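Offset between the sequence shown (1-based) and our numbering: plus 124. Every residue gets a Cβ at the ideal spot worked out from N, C-alpha and C, and that includes glycine. Keep in mind that this is a model prediction, so the values were computed, not measured. All remarks here apply to the structure that follows.
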Amino acid sequence: MNLLYALDLIGTFVFAISGLRLAAKKDMDVFGAAVIAFVTAVGGGTTRDVILGATPVGWINNIDYSIAILLAIPFTLLFKKYIVNLKRTFFIFDSIGIALFTISGMQKALDFGLNPGMAMVMGMVSAVVGGVIRDILCNEIPLIFRKEIYATPCLIGAFTFFILSEIGLNQDANYIITTSTILTIRVVAIKYNLSMPKMK
Numbered sequence: 125m126n127l128l129y130a131l132d133l134i135g136t137f138v139f140a141i142s143g144l145r146l147a148a149k150k151d152m153d154v155f156g157a158a159v160i161a162f163v164t165a166v167g168g169g170t171t172r173d174v175i176l177g178a179t180p181v182g183w184i185n186n187i188d189y190s191i192a193i194l195l196a197i198p199f200t201l202l203f204k205k206y207i208v209n210l211k212r213t214f215f216i217f218d219s220i221g222i223a224l225f226t227i228s229g230m231q232k233a234l235d236f237g238l239n240p241g242m243a244m245v246m247g248m249v250s251a252v253v254g255g256v257i258r259d260i261l262c263n264e265i266p267l268i269f270r271k272e273i274y275a276t277p278c279l280i281g282a283f284t285f286f287i288l289s290e291i292g293l294n295q296d297a298n299y300i301i302t303t304s305t306i307l308t309i310r311v312v313a314i315k316y317n318l319s320m321p322k323m324k
């Protein structure tokens, strides 16, 4: 198992947890929560694959992704009191998810021959679309449309990933640095209440 594949599975797991956490806050039953977990975890990757013409989409060809989502359900139930009611926990899982999916999404787009600019967009799509679907289904305004900086760290992380690849940095080190970059931007933005300019 290479590091990128492992990161993709971890991203799937943590995004499923973020979906389960919000579903629990909305008092959904286990089946409803499982549906939210599923679409949160694979929504972005599915959208990316459809755009790229990579069909059948990744999770259909590989059962490991479904297993990762299913494992997130008992994990969330076991540690519910630590996950469901803590905003900071949701932030951590969501931020890890977008960081990991940005990397895997951009790498797949590059493998399909897209130019770097569009590959960065595909990385962002992989990272944020699942969360958008999650929030819409749970009757929430999606994070990407709120004051909180959400998509911008993905684009900056994708750009970082590309530059480090171009200078020949070891791939595993690139994954770690890119993930850290996205997480750091998210943490700093939240801590200092940074946001994009508003439309007025």
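Own chain residues within Cβ distance below 8 Å of L293, not counting five before or after: I301
So the candidates are L318, I197, F269, G169; which of them puts its Cα closest to the Cα of A148? I197
Considering Cα atoms alone, identify which of Y206, Y274, A130 is closest to A192. A130
Other residues of its chain near D132: CB distance less than 6 Å, five sequence neighbours each side excluded: S228
For N97 and A313, what's the separation of their Cα atoms in angstroms? Since the first and last residues shown for the chain are 125 and 324, residue 97 lies out of range.
Taking its Cβ as the centre, do 16 or more other Cβ atoms sit within 10 Å of A243, making it buried, or is it exposed? buried
CA nearest to the CA of I216, picked from P240, F269, L307, S190: L307
Is the distance from the Cβ of D188 to the Cβ of V181 below 8 Å? no
Out of curiosity, what's the CA-to-CA distance linking L288 and C278? 15 Å
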